[in-house]
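Enquirer: These protein sequence lines are chains A and B, in that order.
Numbered per my numbering, the first sequence spans residues 44 to 186.
Numbered per my numbering, the second sequence spans residues 44 to 186.
This is the structure I have questions about; it appears just below.
Protein chains: 2
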Amino acid sequence: MKFTQATDYAFRIIFYLSQQKPGEIVEARQISERESIPIRFLLKTIRSLSQAGIVKSYRGLKGGYSLAQDPKEITLKDIVEAVEGPVRINKCLLNDKDCNKDATSWCPIHKALRNVQKVTNSELEKYNFCDLININQHRDKEE
Amino acid sequence: MKFTQATDYAFRIIFYLSQQKPGEIVEARQISERESIPIRFLLKTIRSLSQAGIVKSYRGLKGGYSLAQDPKEITLKDIVEAVEGPVRINKCLLNDKDCNKDATSWCPIHKALRNVQKVTNSELEKYNFCDLININQHRDKEE
DNA sequence: TATAAGTATACTAAATAGGTATAGAATATG
DNA sequence: CATATTCTATACCTATTTAGTATACTTATA
Ligand code: SF4
Ligand code: SF4
Chain A
44 MKFTQATDYA FRIIFYLSQQ KPGEIVEARQ ISERESIPIR FLLKTIRSLS
94 QAGIVKSYRG LKGGYSLAQD PKEITLKDIV EAVEGPVRIN KCLLNDKDCN
144 KDATSWCPIH KALRNVQKVT NSELEKYNFC DLININQHRD KEE
Chain B
44 MKFTQATDYA FRIIFYLSQQ KPGEIVEARQ ISERESIPIR FLLKTIRSLS
94 QAGIVKSYRG LKGGYSLAQD PKEITLKDIV EAVEGPVRIN KCLLNDKDCN
144 KDATSWCPIH KALRNVQKVT NSELEKYNFC DLININQHRD KEE
């Protein structure tokens, strides 16, 4: 019941890109260094974000990455789903047949867990990267 | 971001025991058969529940397991914590030092994830096994 | 005291996580 | 148009975790 390291890296990547000027292209190596992410692993992870349409990539000299959406529109849930696929806190929540008992879809635990998952997902949707960087800037001023 | 198989088995075990007469002792083999859980794995898993004080165990002939608490007092969160340990949806949420960045506890994502975890935990606490078996019995009458 | 229960520990196989390596494709610039 | 630079694609590798099994031991009932 934990996000993977790749997901945490992805959070940092989007957080970093959200702090750039809109449309600014940043190369992988810079993100890697600033956010302490192994470069090769970053390159692999960021492709999930690219394929999900969250970042745009540019190849060749002067290439790199920029956000494909407004930070306000990108939520924690988007990142998690891009990297790990749709969240299912128990295996039976994607496909009822994945229960290795006698899998009636009536299982009351199943239904309870479905609610837990719904609540978790909607909480993850509440945090977008515009708000997150503003919290951060507010902190910077305070110190 | 998923519960383990052991946790799902534990849900079933407590659900099964909750349906017995209060104080009724049931042996491992019976739970194993009724809930489709490999017996050896069940024996290992149920010890976590025993050590957490959720079930009582009895050795020797006529031995087995019974609930140590009223089903009303046992929540999904209790089971998860007994089997998997305290839930931390990101590694930095138990110990701030587990961040492999430069780990300021100010990281805004950290704070957001802490809220997500809090919401998830409190949702898991809303479901107790008395309610869960009542839902089940209500279903039985309907069909 | 035989036997039927759970306990404790250790072991194994399979899957997943985390990371690395290599070859290839696109593109700005001289 | 040649070339260096940047991302892409695929494959590979190692460590950790998950899921399950085996064996020896302890407790308690009849
Ligand atoms: S027993 Fe219930 S909760 Fe567990 S996998 Fe089956 S349907 Fe899902
Ligand atoms: S970067 Fe933030 S969210 Fe990620 S591990 Fe560090 S403190 Fe936690």
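C-beta: ideal position from N, C-alpha, C; glycine also.
1. What's the C-alpha gap between residue 73 of chain B and residue 83 of chain A?
2. By the DSSP assignment, the alpha helix (DSSP H) with residue 93 of chain A in it spans what residues?
3. Pick out whichever of A/56, A/176, A/175, A/172 has its Cα sitting closest to the Cα of residue 79 of chain A.
4. Cβ of residue 152 of chain A within 7 Å of any heavy atom in ligand 1?
5. Within the present structure, is the beta-carbon of residue 54 of chain B separated from the nearest heavy atom of ligand 1 by less than 7 Å?
6. Quick one: give me the first and last residue of the beta strand (DSSP E) that residue 154 of chain A is part of.
7. Quick one: residues in its chain with C-beta nearer than 6 Å to the C-beta of residue 119 of chain B, no 5 flanking neighbours on either side, listed in chain order?
8. Using only the alpha-carbon positions, how far apart do residue 116 of chain A and residue 173 of chain B sit?
9. Is residue 133 of chain B near ligand 2, with its Cβ less than 7 Å from a heavy atom?
10. Tell me residue 109 of chain A's beta-bridge partners as DSSP assigns them.
11. Using the rule of at least 16 other Cβ atoms within 10 Å of the residue's Cβ for burial, across every protein chain shown, is residue 66 of chain A buried or exposed?
12. Residue range of the alpha helix (DSSP H) that residue 46 of chain B falls in?
13. Pull the bridge partners of residue 171 of chain A from the DSSP assignment, please.
14. Could you list which residues in chain B have their beta carbon closer than 9 Å to that of residue 138 of chain A, in chain order?
15. Output, in sequence order along the chain, the residues in the segment 67-101 of chain A whose CB is closer than 7 Å to any CB in chain B.
16. Ligand 2 heavy atoms versus the CB of residue 119 of chain A: any closer than 7 Å?
17. In angstroms, rounded to a whole number, what distance separates the CA positions of residue 114 of chain B and residue 112 of chain A?
18. Could you run through the segment 148-182 of chain A and flag, in chain order, every residue whose CB is less than 8 Å away from some CB of chain B?
19. Going by CA-CA distance only, name the one from A/87, A/121, A/139 that's closest to residue 95 of chain A.
20. State the DSSP-derived secondary structure class of residue 69 of chain B, mapped to helix, strand or coil.
21. Considering only heavy atoms of ligand 2, does any lie closer than 7 Å to the CB of residue 144 of chain B?
22. Please identify the residue among B/93, B/47, B/160, B/141 whose C-alpha is closest to the C-alpha of residue 60 of chain B.
23. Under 8 Å between beta-carbons, which chain B residues line up against residue 56 of chain A? List them in chain order, please.
24. Measure the C-alpha to C-alpha separation of residue 46 of chain B and residue 129 of chain B and round it to an integer number of angstroms.
25. Apart from the five residues just before and just after residue 156 of chain B, which ones in its own chain have a Cβ nearer than 7 Å to its Cβ?
Expert: This is what the structure gives:
1. In the second sequence, the residue the question calls residue 73 of chain B occupies position 30. In the first sequence, the residue the question calls residue 83 of chain A occupies position 40. One C-alpha to the other measures close to 51 Å.
2. Within the first sequence, numbered from 1, the residue matching residue 93 of chain A stands at position 50. Unbroken alpha helix (DSSP H) run through residue 93 of chain A: 82-94.
3. Your numbering for residue 79 of chain A matches position 36 in the first sequence. Residue A/56 is the option with its Cα nearest to residue 79 of chain A.
4. The sequence position of residue 152 of chain A within the first sequence is 109, counting from 1. At least one heavy atom of ligand 1 is nearer than 7 Å to the Cβ of residue 152 of chain A, so yes.
5. Sequence index remark: in the second sequence, residue 54 of chain B carries index 11 (1-based). Answer for residue 54 of chain B: yes, Cβ within range of ligand 1.
6. Sequence index remark: in the first sequence, residue 154 of chain A carries index 111 (1-based). From DSSP, residue 154 of chain A is part of no beta strand (DSSP E) but of the alpha helix (DSSP H) over 151-167.
7. Taking the first residue of the second sequence as 1, we reach residue 119 of chain B at position 76. Cβ neighbours of residue 119 of chain B beyond the five flanking positions: 167, 170.
8. Here residue 116 of chain A is taken as the residue at index 73 of the first sequence, counted from 1. Here residue 173 of chain B is taken as the residue at index 130 of the second sequence, counted from 1. Spanning the two alpha carbons is a distance of roughly 41 Å.
9. Within the second sequence, numbered from 1, the residue matching residue 133 of chain B stands at position 90. True, at least one ligand heavy atom lies under 7 Å from that Cβ.
10. Stepping through the first sequence from its first residue, residue 109 of chain A is reached at position 66. In DSSP, residue 109 of chain A forms a bridge with A/99.
11. Locating residue 66 of chain A in the first sequence gives position 23, where the first residue counts as 1. Burial call: exposed.
12. Looking up residue 46 of chain B in the second sequence gives position 3. Taken as a continuous stretch (DSSP letters only), residue 46 of chain B belongs to no alpha helix (DSSP H), as it is neither H nor E.
13. What you label residue 171 of chain A is simply residue 128 of the first sequence in a count that begins at 1. DSSP lists A/118 as partners of residue 171 of chain A.
14. Within the first sequence, the letter at position 95 stands for residue 138 of chain A. What residue 138 of chain A touches in chain B: nothing, since even the nearest Cβ is about 13 Å away.
15. 78, 79
16. Translated into the one-based positions of the first sequence, residue 119 of chain A becomes position 76. Because no heavy atom of ligand 2 lies under 7 Å away, the Cβ of residue 119 of chain A does not count as near it: no.
17. Residue numbering aside, residue 114 of chain B sits at position 71 when the second sequence is read from its first letter. Residue numbering aside, residue 112 of chain A sits at position 69 when the first sequence is read from its first letter. Residue 114 of chain B and residue 112 of chain A: Cα-Cα distance of roughly 48 Å.
18. 149, 151, 152, 154, 155, 156, 158, 159, 162, 163, 166, 167, 170, 175, 176, 178, 179, 182
19. Locating residue 95 of chain A in the first sequence gives position 52, counting from the first residue. Here the closest residue by C-alpha is A/121.
20. For the purposes of this step, residue 69 of chain B is taken as the residue at position 26 of the second sequence. Three-state DSSP puts residue 69 of chain B in a strand.
21. Here residue 144 of chain B is taken as the residue at index 101 of the second sequence, counted from 1. Flag set: Cβ of residue 144 of chain B near ligand 2.
22. On the second sequence, position 17 is the one that residue 60 of chain B refers to. Checking every option, the nearest Cα to that of residue 60 of chain B belongs to B/93.
23. Mapped onto the first sequence, residue 56 of chain A falls at position 13. Residues of chain B passing the Cβ test: none, with the nearest at roughly 11 Å.
24. In the second sequence, counting from the first residue as 1, residue 46 of chain B sits at position 3. In the second sequence, counting from the first residue as 1, residue 129 of chain B sits at position 86. Straight-line Cα distance between these residues: approximately 12 Å.
25. As a working note, residue 156 of chain B is residue 113 in the second sequence. These residues qualify, in order along the chain: 132, 133, 136.
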